[in-house]
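The numbering used here applies: residue 944 is where the sequence shown begins, and numbers increase by one. For glycine and all other residues, C-beta sits at the position ideal for the given N, C-alpha and C. Nothing here was measured: the structure is a model prediction, and the numbers come from that model. To keep things clear, I will list the structure first and then write my remarks on it.
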Amino acid sequence: MNQRNFDSESAPVWLGAPGDRESSEQLRVVADEALLVTGDTGRALRLATHLGSRLPAIGEGNTRHLFEMLATVSAADLSAARVTDGHLAALSVLGQASVEPAQLPGGETGRTRSWGVFAAEARGTRLDATESEQGWRLDGLKPWCSLAGSLSNALVTAHTSSDALRLFAVDLAAPGITVLEDTWVGRGLPSITSGPVDFRGVPAVAIREDDWYFNRPGYAWGGIGVAACWFGGAVGIARRVFRGAQDWPADQIALAHLGAIDVTLSACGGVLAAAAASIDDGTATGQAGALLAARVRGLVARSVEEVIARAGHALGPWPLAFEARHSQRVADLELYVRQHHAERDEAALGALLLDGGPVPGGGPSPW
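So, in structure tokens, the structure goes:
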């Protein structure tokens, strides 16, 4: 890779017009660090914990900068982004719950804690929480536990009854935890193993009341933060298309794909910037917040799929076959964006609109 290409891959990602010089330098430094991760879990964890102590939490008045930081990391390395987003999300949840992470059990003395959030549900798996005089204990199988074998702590949702879930903080070094890493066969994000974890009598600390985790405003906001990561990954692919057009005489087809990619990413950046403003001004709560998250995630996910397809058409098979970074970025992003459930999430948005939401194009916009 020549120096020009390296510089373009580690450039900041902005949601609109570039920010001030200080922000630009911060983003560039982080981009350089993320570019060196190249899927290495240890480096990704060190970057995530470094950023966790320095970045603003979502909804604290500087959410746009947070989204730009997530997008910048993602454009450089999606493994780094996946780890960083999980760590920051956990710290944000604890902040919203008014819980100090250092007061929770777990982690070796003097060791920097790294956090994840395990809140997915899947058919055939169930994690139950029971309370006794000794406190809460977790028993069962939890799916989609990213890096459970590498993190020090996690926030985990578990069933307290047939129809209620509660959030718990867990020390991942506690006895009774078995990480089933051998089940992960993903070619995308291969180092971010996200298999199930078996819990057997694992002590846990309850975080607030039943269903608080899902009902807080930050639940929708976190989903928008993930969309900022998808956006950044698409920017990384778009930069390869741009370099391809620079490196050889681009025909009308290549130029058309490049222009279309720019249009769709510009739209995504604008929507993410507007969403950040709505989060910070307090209007993205309740149903408005849920609608905002569904719309932003839907637009970005669809745009990511378009960018991947157009990049393949514009560049042909060469970079997918012979460029490790580009090929891995495409595979990583194809898996990462599947956190959006495509038509199922679009159907959920349609249900929100019918349940008192604005008429498309005619009602008040969440942003």
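Assumed close pair leucine 1235, alanine 1244 - CB separation to whole angstroms, cut-off 8 angstroms: Taking a contact as a CB-CB distance under 8 angstroms, the pair leucine 1235 and alanine 1244 does not count as one, their CB atoms being some 15 angstroms apart.
In angstroms with no decimal places, state the Cα-to-Cα distance between alanine 1177 and leucine 958. Annotation: alanine 1177 to leucine 958 spans about 13 angstroms, alpha carbon to alpha carbon.
Other residues of its chain near proline 961: CB distance less than 7 angstroms, five sequence neighbours each side excluded: Excluding sequence neighbours, proline 961 sits near Ser967.
Under the three-state DSSP convention, the category tryptophan 957 falls into: Note: tryptophan 957 maps to coil in three-state DSSP.
Let me know the alpha helix (DSSP H) ranges lying completely inside the region 1029-1081, each 4 residues or longer, listed in chain order. Those alpha helix (DSSP H) runs which fall completely within the region 1029-1081 and span 4+ residues do not exist here.
Between serine 996 and alanine 1072, what straight-line distance do the alpha-carbon atoms span, to the nearest angstrom? Computed Cα separation, rounded: 31 angstroms.
Can you tell me which residues form a DSSP beta bridge with alanine 1112? Answer is Leu1098 and Val1148.
In its own chain, which residues sit with a C-beta less than 6 angstroms from the C-beta of leucine 1084, not counting the 5 before and 5 after it? These residues qualify, in order along the chain: Thr1068, Pro1139 and Asp1141.
Give every residue of the same chain whose Cβ lies closer than 6 angstroms to the Cβ of histidine 1283, excluding the five residues on either side of it in the sequence, and list them in chain order. Counting only residues of its own chain and dropping the five nearest sequence neighbours on each side, histidine 1283 has a CB closer than 6 angstroms to the CB of Arg1240 and Ala1244.
Out of His1256, Trp1164 and Ala1149, state which residue places its alpha-carbon closest to the alpha-carbon of alanine 1193. Alanine 1193 has its Cα closest to that of His1256, out of His1256, Trp1164 and Ala1149.
So the beta strand (DSSP E) valine 1122 belongs to, where does it begin and stop? 1120-1122 is the extent of the beta strand (DSSP E) around valine 1122.
Between the CA atoms of glutamine 1077 and serine 1221 - distance to the nearest angstrom: For serine 1221 and glutamine 1077, the gap between their C-alpha atoms comes out near 43 angstroms.
Glutamine 969 to arginine 989, Cα distance in whole Å? The straight-line gap from Cα to Cα measures roughly 17 angstroms.
Mind the definition here: the region 1023-1043 touches the region 969-987 only if three or more C-beta pairs lie below 8 angstroms; say whether that holds. Contact holds: three or more Cβ-Cβ distances are below 8 angstroms.
Which one or two residues does DSSP pair with valine 1140 in a beta bridge? Valine 1140 is bridged by DSSP to Lys1085 and Val1122.
Starting from glutamate 976, follow the alpha helix (DSSP H) in both directions and report where the run begins and ends. It spans 964-978 - the alpha helix (DSSP H) in which glutamate 976 sits, taken as one unbroken run.
Secondary structure at threonine 992, three-state DSSP: helix, strand or coil? Collapsing the DSSP output to three states places threonine 992 in a helix.
Would you say leucine 1031 and leucine 1081 are within 8 angstroms of each other, going by their C-beta atoms? Not closer than 8 angstroms, so no.
I'd like to know whether the C-beta atoms of glycine 1131 and leucine 1278 end up nearer to each other than 8 angstroms. Result yes, Cβ atoms of glycine 1131 and leucine 1278 sit closer than 8 angstroms.
Counting only the same chain and skipping the five closest in sequence on each side, list residues whose C-beta sits under 8 angstroms from that of serine 1246. For serine 1246, where only same-chain residues beyond five positions count, the Cβ hits under 8 angstroms are Phe1174, Ala1177, Thr1207, Leu1208, Ala1210 and Cys1211.
Going by CA-CA distance only, name the one from Ala1117, Glu1124 and Gly1165 that's closest to arginine 1143. Ranking the options by Cα distance to arginine 1143, first place goes to Ala1117.
Applying the 10 Å Cβ sphere with the 16-neighbour rule, what's the burial state of serine 1152? Note on residue identity: the sequence assigns glutamate, not serine, to residue 1152. It counts as exposed.
Please look up how many angstroms separate the CB atoms of phenylalanine 1111 and alanine 1147, rounded, as I've assumed it's under 8 angstroms. For phenylalanine 1111 against alanine 1147, the beta-carbon gap comes to about 4 angstroms, under 8 angstroms, which counts as contact.
Three-way DSSP call (helix, strand, coil) for threonine 1103 in this model: Three-state DSSP puts threonine 1103 in a strand.
Does the beta-carbon of glutamine 1039 have 16 or more other beta-carbons within 10 angstroms, so that it is buried, or is it exposed? By the neighbour-count rule (16 or more Cβ atoms within 10 Å), glutamine 1039 is buried.
If you follow the alpha helix (DSSP H) that proline 1262 is part of, which residue opens it and which one closes it? Residues 1261-1265.
Taking the alpha carbon of leucine 1090 as the point to measure from, which residue in Ala1065, Gly1059, Leu1108 and Arg1253 has its own alpha carbon closest? Proximity to leucine 1090 across Ala1065, Gly1059, Leu1108 and Arg1253 peaks at Gly1059, based on C-alpha coordinates.
Kindly indicate which three-state DSSP category glutamate 952 falls into: helix, strand or coil? In the structure shown, glutamate 952 sits in a helix (DSSP, three-state: H, G or I).
Run of the alpha helix (DSSP H) containing asparagine 902, from where it starts to where it stops: Residue 902 lies beyond the stretch modelled for the chain, which goes from 944 to 1310, so this question has no answer here.
Can you tell me where the alpha helix (DSSP H) holding glutamate 1003 begins and where it ends? Element bounds for glutamate 1003: n/a, residue is neither H nor E.
Measuring only from the beta carbon, is valine 972 closer than 7 angstroms to any heavy atom that is part of the ligand SAH? Only the bare structure without any ligand can be found here, which leaves the ligand SAH out of the picture.
Whole-Å CB distance - threonine 1009 paired with isoleucine 1001, under 8 angstroms assumed: The amino acid occupying residue 1009 in the given sequence is leucine; threonine does not appear at that position. Sure, about 6 angstroms apart at Cβ, within 8 angstroms.
Spatially closest choice to glycine 1213 from Arg964, Ala987 and Glu1011, by CA coordinates: Looking from the CA of glycine 1213, the closest CA among Arg964, Ala987 and Glu1011 belongs to Glu1011.
Count the other C-beta atoms from every protein chain shown that fall within 10 angstroms of the C-beta of glycine 1104, then say buried if there are 16 or more, exposed otherwise. The sequence given here places serine at residue 1104; glycine does not occur at that position. That one is exposed.
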